[in-house]
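Following: one structure in structure tokens, then a few remarks.
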Amino acid sequence: MDNNFTIYNSLSRKKELFKPLHAPFVGMYVCGPTVYSHPHLGHARPAVTFDMLFRYLTYLEYKVRYVRNITDVGHLENDADEGEDKIEKKARLEHLEPMEVVQKYLNSFEKNMQDLNTLHPSIEPRASGHIIEQIELVKEILEKGYAYEVNGSVYFDVLKYSKKYDYGKLSGRVLEDLQANTRNLEGQDEKKNPFDFALWKKATPEHLMRWPSPWSVGFPGWHLECSAMSTKYLGDVFDIHGGGMDLLFPHHECEIAQSTAAKGKAPVRYWVHNNMITIDGQKMARSLGNFITLDQLFKGDHPLLQQAYTPMTIRFFLLQAHYRSTVDFSNEALQAAEKGLQKLMKAGETLKKLKPSLTSTADIPALWENCHEAMDDDLNSPILLSHLFEGVKYINSANDGTEELTAADIESLKKLFNAFVFDILGLRDEASAGNDEKLTDDLMEIIINLRQDAKNKKEWGTSDKIRDELKSAGIILKDLKDGADWSKE
RNA sequence: GGUCGGUUUACCGAGUGGCUAGGUAGCGGUCUGCAAAACCGUUUACGGCGGUUCGAAUCCGCCACCGACCUCCA
Numbered sequence: 002m003d004n005n006f007t008i009y010n011s012l013s014r015k016k017e018l019f020k021p022l023h024a025p026f027v028g029m030y031v032c033g034p035t036v037y038s039h040p041h042l043g044h045a046r047p048a049v050t051f052d053m054l055f056r057y058l059t060y061l062e063y064k065v066r067y068v069r070n071i072t073d074v075g076h077l078e079n080d081a082d083e084g085e086d087k088i089e090k091k092a093r094l095e096h097l098e099p100m101e102v103v104q105k106y107l108n109s110f111e112k113n114m115q116d117l118n119t120l121h122p123s124i125e126p127r128a129s130g131h132i133i134e135q136i137e138l139v140k141e142i143l144e145k146g147y148a149y150e151v152n153g154s155v156y157f158d159v160l161k162y163s164k165k166y167d168y169g170k171l172s173g174r175v176l177e178d179l180q181a182n183t184r185n186l187e188g189q190d191e192k193k194n195p196f197d198f199a200l201w202k203k204a205t206p207e208h209l210m211r212w213p214s215p216w217s218v219g220f221p222g223w224h225l226e227c228s229a230m231s232t233k234y235l236g237d238v239f240d241i242h243g244g245g246m247d248l249l250f251p252h253h254e255c256e257i258a259q260s261t262a263a264k265g266k267a268p269v270r271y272w273v274h275n276n277m278i279t280i281d282g283q284k285m286a287r288s289l290g291n292f293i294t295l296d297q298l299f300k301g302d303h304p305l306l307q308q309a310y311t312p313m314t315i316r317f318f319l320l321q322a323h324y325r326s327t328v329d330f331s332n333e334a335l336q337a338a339e340k341g342l343q344k345l346m347k348a349g350e351t352l353k354k355l356k357p358s359l360t361s362t363a364d365i366p367a368l369w370e371n372c373h374e375a376m377d378d379d380l381n382s383p384i385l386l387s388h389l390f391e392g393v394k395y396i397n398s399a400n401d402g403t404e405e406l407t408a409a410d411i412e413s414l415k416k417l418f419n420a421f422v423f424d425i426l427g428l429r430d431e432a433s434a435g436n437d438e439k440l441t442d443d444l445m446e447i448i449i450n451l452r453q454d455a456k457n458k459k460e461w462g463t464s465d466k467i468r469d470e471l472k473s474a475g476i477i478l479k480d481l482k483d484g485a486d487w488s489k490e
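So the first sequence is numbered by the working numbering: it starts at 2 and just counts up by one.
Printed below as a string of structure tokens:
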């Protein structure tokens, strides 16, 4: 299976030609959410990015197994909560079972992912369902001599590991620097070195989520689940591991160390990281008051939002930026995206009604070529969109009669739209989605005919009234040379 | 403090040496009873200072500013 698909590998810091280990099969693991609160804007970025990657690999006819974990055992907090488990903290506040909290926010996540039109991963394993695998992995690392037990907790021995392997190769960290810069945190006294990390932690008495293990009743360290689950479902070595750039260190670095220590080889061939988002140029944080959940965004229910933005507007907006760039959310930018998306979708509708000519004045094969090139170049969705808008121009011009397209080219354009707009970018026409289209079409035809009668009699008051009232019902009427066209707002 | 990344026209956002993406907004025009849409044309650029080069937004150096990570996080 030949392709020209290149992807930026964080490990080599270069774009590399993508060659799967066992073509046509591709294994892809992406760090999923910790389900302890409603999904927010930040969750949308990796979801859309890796959905697009999944979709493109599938388009290239690879058989992809896409695994995205659900972290539901909670991670330790190091702030004022003194290491209290996040999920437990929330559970006490809301007087719910920890798993009840998990379920609630998991449902919320699943719903938002559907809103954004992301495809389900092949497997969505939960950390709580893989405690045994995690314990086995800790045993393996202990057997290989890269971990040590202290008071029922097990820590990874980074210094020993670094004598044989390269700790820091992904994030560019140097061990000496880490040693010099690591803060003094609570509960670090058990470790040999401050940069060691927990594989298993003994539970304190108030810790609710706990499982038996050979070392103590406790819980797994926070890097362990990804190593255990990726190995279980994708093998010791697999093709792609994705996640946000913020996870590069320490999370992914530790994953590499854990798997390498256990299996003797690096687990991942291509590390892919999406960049972060900002809001009006600032990092999103609760303390800055610009923390926006996806539901708030879809409903316009936040002081910073001038209006609601549909899931597809968000998706389109994210795709207008390259996944490795930061992307800045603002009302102005989102409104621009909304208009752009409408233009694209409208052209898709116009395409269906286009009348063929005997010759073509546009080069559709070149357009295909350009679209492929854009995606092959490290998923350059903004460039792809710019080419698609070239297609939009052809379509609208052909509709206006200033450009000509043969029946074959029109057919080719339809295929191109289906492939790139819908299958690969995963956009969805929200306006035309749904309900009783036939009936609506018939009704609109009647109304338009009545209005035409009024216009023929030059009863402009009547014709304008019809148009205005349709507008207040959310229907836009446009007069053409002969007849009229309509669309939903 | 350390490591890494960024600073592009009104806004968003591509672009790694010459060919000035794209979307949105603005302006002018075509069309039109009016309006909208569409189409055509068009305005405002590459943080600062130096260097390399016939030629730099693009390469190098310094400075300024912004951000990420180093600590739970997408």
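Note that the Cβ used here is the ideal one computed from N, Cα and C, for glycine as well.
All values reported here derive from a predicted model rather than from experimental measurement.
Buried or exposed for residue i, going by 16 or more other Cβ atoms inside 10 Å?
i, result
"Trp216", "buried"
"His121", "exposed"
"Val422", "buried"
"Asn185", "Its pLDDT being 48, under 50, Asn185 is placed unreliably by the model, and nothing is read from it."
"His23", "exposed"
"Ser387", "exposed"
"Ile477", "exposed"
"Trp461", "exposed"
"Leu335", "buried"
"Arg452", "buried"
"Val175", "exposed"
"Pro206", "exposed"
"Glu491", "A question about residue 491 goes unanswered here, because the residues of the chain that appear run from 2 up to 490."
"Leu481", "exposed"
"Glu412", "exposed"
In terms of residues, what are the limits of the alpha helix (DSSP H) holding residue i?
i, result
"Lys479", "Premise fails: Lys479 lies in the beta strand (DSSP E), Ile476 to Asp480, not in any alpha helix (DSSP H)."
"Pro99", "Pro99 to Asp116"
"Asn371", "Ile365 to Asp377"
"Asn332", "Asn332 to Lys353"
"Ser464", "Trp461 to Ser473"
"Pro47", "Leu42 to Tyr60"
"Tyr271", "Segment Val269 to Asn275 is the beta strand (DSSP E) holding Tyr271; no alpha helix (DSSP H) there."
Which two residues bound the contiguous beta strand (DSSP E) that contains residue i?
i, result
"Asp486", "Ala485 to Lys489"
"Pro383", "Counting along the chain, Pro383 falls outside any beta strand (DSSP E), though it belongs to the alpha helix (DSSP H) covering Ser382 to Asp401."
"Arg66", "Lys64 to Arg69"
"Thr279", "Ile278 to Ile280"
"Lys16", "Lys15 to Leu18"
"Lys233", "Lys233 -> not in any beta strand (DSSP E); alpha helix (DSSP H) instead, spanning Leu225 to Leu235."
Taking residue i and residue j to be in contact with their CB atoms under 8 angstroms, please state how far apart those CB atoms are, rounded to whole angstroms.
i, j, result
"Val65", "Leu117", "Not a contact, Cβ separation roughly 19 angstroms."
"Ile425", "Tyr60", "5 angstroms"
"Val159", "Asn108", "At roughly 38 angstroms, the Cβ-Cβ gap does not stay under 8 angstroms, so Val159 and Asn108 are not in contact."
"Ser214", "Thr232", "Contact doesn't hold; Cβ gap of about 18 angstroms is too wide."
"Leu389", "Leu345", "7 angstroms"
"Thr407", "Pro357", "6 angstroms"
From this set, the options, which residue's C-alpha is nearest residue i's C-alpha?
i, options, result
"Ile124", "His388, Tyr30, Ile447 and Glu333", "Tyr30"
"Ser488", "Met376, Asp454, Thr362 and Ala348", "Ala348"
"Val238", "Leu138, Val269 and Leu200", "Val269"
"Ala474", "Asp377, Thr441 and Ala262", "Thr441"
"Leu97", "Pro25, Leu209, Tyr156 and Leu298", "Leu209"
"Asp281", "Arg287, Asn291, Val393 and Asn381", "Asn291"
"Leu225", "Leu249, Leu200 and Lys266", "Leu200"
"Thr327", "Ser13, Pro47 and Gln336", "Pro47"
"Gly244", "Ile133, Asn276, Met53 and Leu345", "Asn276"
"Leu355", "Ala128, Tyr324 and Asp410", "Asp410"
"Thr311", "Leu342, Asp329 and Gly236", "Leu342"
"Lys266", "Ile365, Lys145 and Asp377", "Lys145"
"Glu1", "Val103, Glu412, Lys112 and Phe6", "Outside the displayed span of the chain (2 to 490) sits residue 1, for which this structure offers no information."
"Ala338", "Glu134, Glu350 and Gln321", "Gln321"
"Glu256", "Val139, Ser331 and Thr205", "Val139"
"Arg316", "Ser382, Met100 and Ile241", "Ser382"
"Ala263", "Tyr166, Ser361, Leu18 and Met346", "Tyr166"
Hey, would you say residue i sits closer than 8 angstroms to residue j, going by beta carbons?
i, j, result
"Met313", "Arg211", "no"
"Phe418", "Leu352", "yes"
"Ala45", "Leu319", "yes"
"Ile448", "Ile467", "yes"
"Ala285", "Leu471", "A small correction: the amino acid at residue 285 is Met; Ala does not occupy that position in the sequence shown. Cβ atoms of Met285 and Leu471: not closer than 8 angstroms."
"Ser172", "Phe51", "no"
"Tyr271", "Pro126", "no"
"Phe157", "Ala258", "yes"
"Gly219", "Lys192", "no"
"Gly236", "Gly28", "yes"
"Met445", "Tyr57", "no"
"Lys16", "Asp379", "yes"
"Phe198", "Gly222", "yes"
"Asn10", "Cys227", "no"
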